[in-house]
Amino acid sequence: MRGCGSWGRVWCGWRPGLGAPAAAPKDTGFGTEARHQPRPRGPRRCSGPLGDQPFPGLPPKDLSPETLLGVLRTAVVDRKGPLVTLNKPQGLPVTGKPGELTLFSVLPELSQSLGLGEQELQVVQAPGRETSGLVLLSSCPQTASRLQKFFIHSRRAQRPTATYCAVTDGIPATSEGKIQTALKLEHIDGTNLVVPVKTPSRKGILEGVKKTLSHFRVVATGSGCALVQLQPLTVFPSQLQVHMMLQLCPVLGDHTYSAGIGTILGQRFLLPTENTKPQRQVLDEALLRRLHLTPAQAAQLPLHLHLHRLLLPGTRPRDAPIELLAPLPPYFSRTLQCLRLRQQESSLCS
């Protein structure tokens, strides 16, 4: 295998250390959008009904490996030495069963397509299938290992390195705070679901129960929804979706955990876990009108959870951290426009 290159040699000798926040790199486009299109100024109106068209920004169904490779090449938002950063589309799995088309399954071809030769890319950090946003890849094993250690060290120090944008159906009771709960993975009616555990015992911790923690901050509200910044300080499957469900504000497009919330006379409450089965998210008529969606279209609404920002350590101990940004998917931006949150988006997600 070739060396890691000049940037890689610096990273391979990396030591922990964070300084002041670095200047944000310029945004780049995603999918079929032009990468350097100027942003329109002033308020923008929500586009009309979607008709039979898919939600903008989603990859086409029945992807071939060749098509997926083209999507991923277009989704590259940053390259520096051995590091390649992608803006992953919603619905694309990172890993999967043998024979399944995933990001991992096309990494050899992507490495060749990006001119890396024998330096095959490996995944350092990536969101789950239903979440869009930043995927961090490295062609240098030493760099990948040190970055993974950096993320672990940051979590232990309760220093967030990942920032997600979410649109929630409902507004949290407080404008910011912490969500702390124990979670476990259970097999319920043939489906693997993450469920909260009220009083985890020492035995439970040993059997897969994990204490989880996330920070949240409400950036803007409108039409009974909220634009929320989420920063997980632990790692667990579907952690952010479950945390927002526990706040009675499920993420828009969450067709799994939003079913854990019941409503009586307009008041929301948590349903018992044993009575909860995944089902399509149900939105009220006023919100459907605001989003210009039919109930059938709402049943296909993609999850509005996007890994927008990652912090990496500087190349030297005293250097400012490196900030990686991924623009929002077009369907996410459309929703913000419909909910009149677009003008306030710049404080978090531009």
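Residue numbering for the sequence shown follows my numbering, beginning at 2 and increasing consecutively. Idealized CB from N, CA, C, for every residue including glycine.
| Asked | Found |
| --- | --- |
| Length at least 4, wholly inside the region 160-234: the alpha helix (DSSP H) runs in chain order | 203-207 |
| Nearest to residue 188 (by Cα), restricted to the options 181, 106, 216, 278 | 278 |
| Residue closest to residue 331, alpha-carbon to alpha-carbon, out of 133, 64, 94 | 133 |
| Exposed unless 16 or more other CB atoms sit within 10 angstroms - verdict on residue 193 | exposed |
| DSSP-derived helix/strand/coil call for residue 65 | coil |
| Integer-rounded CB distance, given that residue 339 should sit under 8 Å from residue 309 | At roughly 19 Å, the Cβ-Cβ gap does not stay under 8 Å, so residue 309 and residue 339 are not in contact. |
| Residue 233 and residue 240 closer than 8 Å at C-beta | yes |
| Integer Cβ distance of residue 130 from residue 90, believed to fall under 8 Å | The pair is not a contact, with the Cβ atoms about 10 Å apart (cut-off 8 Å). |
| Beta-carbon proximity check, residue 166 vs residue 307, cutoff 8 Å | yes |
| Backbone CA spacing between residue 324 and residue 78 [nearest angstrom] | 12 Å |
| Neighbourhood of residue 162 by C-beta distance below 7 Å, restricted to the same chain and skipping five residues each side | 152, 155, 311, 312 |
| Residue 327 burial status per 10 Å Cβ neighbour count (16 or more: buried) | buried |
| Own chain residues within Cβ distance below 8 Å of residue 112, not counting five before or after | 118, 120, 121, 122, 140 |
| Cα-Cα separation between residue 230 and residue 99, rounded to whole angstroms | 35 Å |
| Sheet register partners of residue 133 (DSSP bridge) | 307 |
| Distance cut-off 7 Å: residue 149 Cβ against heavy atoms of the ligand PLP | Judged by which ligands are present, the structure shown has none, so any question about the ligand PLP falls away. |
| 8 Å Cβ cutoff met for residue 226 and residue 168 | yes |
| Counterpart residues of residue 1 in DSSP-defined beta bridges | Nothing about residue 1 can be reported from this structure: the residues present for the chain run from 2 to 351 only. |
| Residue interval of the alpha helix (DSSP H) (run including residue 126) | No alpha helix (DSSP H) holds residue 126; the beta strand (DSSP E) holding it covers 123-126. |
| Where residue 283 sits in the DSSP three-state scheme | coil |
| Residue 72 beta carbon less than 8 Å from that of residue 104 | no |
| Rounded C-alpha distance that separates residue 66 from residue 110 | 9 Å |
| Residues near residue 60 in its chain [Cβ-Cβ closer than 7 Å; skip 5 each side] | 72, 90, 92, 93 |
| Minimum C-alpha distance to residue 127 - residue among 86, 158, 116, 107 | 86 |
| CB contact flag (residue 223, residue 342, <8 Å) | yes |
| For residue 333, the three-state DSSP class (helix, strand or coil) | helix |
| Exposure label - residue 266; buried when at least 16 CB within 10 Å | exposed |
| Exposed unless 16 or more other CB atoms sit within 10 angstroms - verdict on residue 236 | exposed |
| Enclosing alpha helix (DSSP H) for residue 243 [first to last residue] | 240-247 |
| Collapsed DSSP secondary structure at residue 113 in the structure displayed | helix |
| Start-to-end residues for the beta strand (DSSP E) that takes in residue 298 | Element bounds for residue 298: not the beta strand (DSSP E) but the alpha helix (DSSP H), 296-299. |
| Supposed close pair residue 218, residue 177 - CB separation, criterion 8 Å | 4 Å |
| Proximity winner among 322, 269, 252, 82, relative to residue 144 (alpha-carbon distances) | 82 |
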